[in-house]
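At position 104 of the sequence shown the residue is numbered 104 (my numbering), and the sequence of numbers has no breaks.
Here is the structure we will look at.
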Amino acid sequence: MNNNSPNLFQVKLPGVQSWLTIVAICLLLGSLGLGWVVKFASIAIGLVILAPVVGILGFVWWLRRSIVAAQCPVCNYSLQGINGSEIQCTNCGELLTVDRGKLVRDTPPDTIDVVAVEVIQD
Ligand SMILES: [Zn+2]
Numbered sequence: 001m002n003n004n005s006p007n008l009f010q011v012k013l014p015g016v017q018s019w020l021t022i023v024a025i026c027l028l029l030g031s032l033g034l035g036w037v038v039k040f041a042s043i044a045i046g047l048v049i050l051a052p053v054v055g056i057l058g059f060v061w062w063l064r065r066s067i068v069a070a071q072c073p074v075c076n077y078s079l080q081g082i083n084g085s086e087i088q089c090t091n092c093g094e095l096l097t098v099d100r101g102k103l104v105r106d107t108p109p110d111t112i113d114v115v116a117v118e119v120i121q122d
């Protein structure tokens with residue numbers, strides 16, 4: 001009668017059995033004075049699971065803080081950029097720097113960009 005119950009346990013709950021095996025190994029190592037192995041392994045597994053989650057959360061937090069939505073100082077076109085980076089206005093082509101939540105023109109004010117088409121020398 002009792003011979004069938006371990007088989008049923010194995011067939012129906014394979015996940016639980018593998019967990020029980022892990023717990024049994026941990027208890028065995030602990031009883032042998034190797035509790036530090038268990039602690040080290042659990043810390044390592046925890047780090048492997050936590051590191052990507054913390055990394056992703058940190059990246060999202062950084063992105064939310066760093067993305068700046070402002071208007072081009074030249075043509076008032078709405079732009080988005082990452083703090084401290086250089087972007088080019090998609091409307092007028094002006095080079096802009098994202099600086100503390102504002103878009104700043106790289107060229108000094110009152111500068112007019114001119115392209116020489118033809119230079120005549122006498
Ligand atoms: Zn612009």
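Beta carbons are placed, not taken as given, at the ideal position from N, Cα and C, and that holds for glycine.
Per-residue burial, leucine 27 [other beta carbons within 10 Å of its own, 16 or more giving buried]: Residue environment for leucine 27: exposed (fewer than 16 other C-beta atoms within 10 angstroms of its C-beta).
Determine the direct distance from the alpha carbon of alanine 51 to that of glycine 35, and round the result to whole angstroms. One C-alpha to the other measures close to 24 Å.
Can you give me the Cβ contacts of asparagine 54 inside the same chain, cut-off strictly under 8 Å, excluding the 5 residues immediately before and after it? First, the amino acid is wrong: residue 54 is valine here, not asparagine. Spatial neighbours of valine 54 in its own chain (CB-CB distance under 8 Å, excluding positions within 5 residues in sequence) are not present.
Could you tell me the boundaries of the alpha helix (DSSP H) in which isoleucine 87 lies? Membership of isoleucine 87 in any alpha helix (DSSP H) is not indicated; the residue belongs instead to the beta strand (DSSP E) covering 86 to 88.
As assigned by DSSP and simplified to three states, the class of leucine 27: Leucine 27: helix per DSSP, three-state reduction.
Ligand 1 heavy atom lying under 6 Å from the CB of valine 98: The answer is no for valine 98.
Cβ neighbour criterion (16 or more within 10 Å) applied to cysteine 72: Buried, by the Cβ-count rule.
Apart from the five residues just before and just after alanine 69, which ones in its own chain have a Cβ nearer than 6 Å to its Cβ? Counting only Cβ-Cβ distances below 6 Å, and skipping sequence neighbours, we find Gln80.
Since isoleucine 120 is in the alpha helix (DSSP H), which residue starts that stretch and which ends it? No alpha helix (DSSP H) contains isoleucine 120, which DSSP labels as neither H nor E.
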